[in-house]
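Undergrad: FYI, the numbering for the sequence shown is -17 to -1, 1 to 120, going by mature numbering (1 follows the signal peptide of the UniProt record, and there is no 0).
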Amino acid sequence: MLSRLAFVLLVATALPACHGSATQTAAVPTAAGTTPIPPSGLRAIGNEPGWLVEVGAGDTPAMRLILDYGERRLDVAAAARLGDAGYRGTTADGVEVELRYRRETCSDGMSERDYPASVTLQVGAQTYRGCAEFRSP
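1. On the DSSP bridge assignment, give the partners of D58 in chain order.
2. Could you check if L35 is buried or exposed, using at least 16 other CB atoms within 10 Å of its CB as the buried criterion?
3. Pairs of beta-carbons, one from the segment 85 to 92 and one from the segment 48 to 65, closer than 8 Å: are there three or more?
4. Grab the span of the beta strand (DSSP E) containing R118 for me, first residue to last.
5. Around the C-beta of S119, are 16 or more other C-beta atoms found within 10 angstroms, so that it is buried, or is it exposed?
Listed below in structure tokens is the structure:
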């Protein structure tokens, strides 16, 4: 239960940051040993189980995944872009990750907020669905 509360607090503090100034340049804080992700690219969230993905900017962006109410954390150092449809990469320990998005209105079902994209996240054999927003530097 404490893990779920911590995850909810993480998402609650991370989502308002999505509406920050477009001129922000500071990197998103990271856990020790993870790659900082600049505040641009894409942020995706989903529920049941709660998860969050942050994707940096550029042609081979870093991806940070917080899955299963914060119980599982993964990093992809350099993801490949899938055109204008998503990102694909592999973690240091060989877990394949693919995030695909569709530019369509999406509601996460809990916040009553609309996002500009729906997403499907594949982590190994596990599939997650949720919503995303695009961020720019």
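For every residue, glycine included, the Cβ atom is placed at its ideal position computed from N, Cα and C.
TA: So, from the listed chains and residues:
1. Looking up residue 58 in the sequence shown gives position 75. Its beta-bridge partners are R47.
2. Numbered from 1 along the sequence shown, position 52 holds the residue referred to as residue 35. Buried, by the Cβ-count rule.
3. no
4. Residue mapping note: residue 118 aligns to position 135 of the sequence shown, counting from 1. Here the beta strand (DSSP E) through R118 covers Q109 to R118.
5. Working through the sequence shown from its first residue, we reach residue 119 at position 136. S119 is exposed by the Cβ-count criterion.
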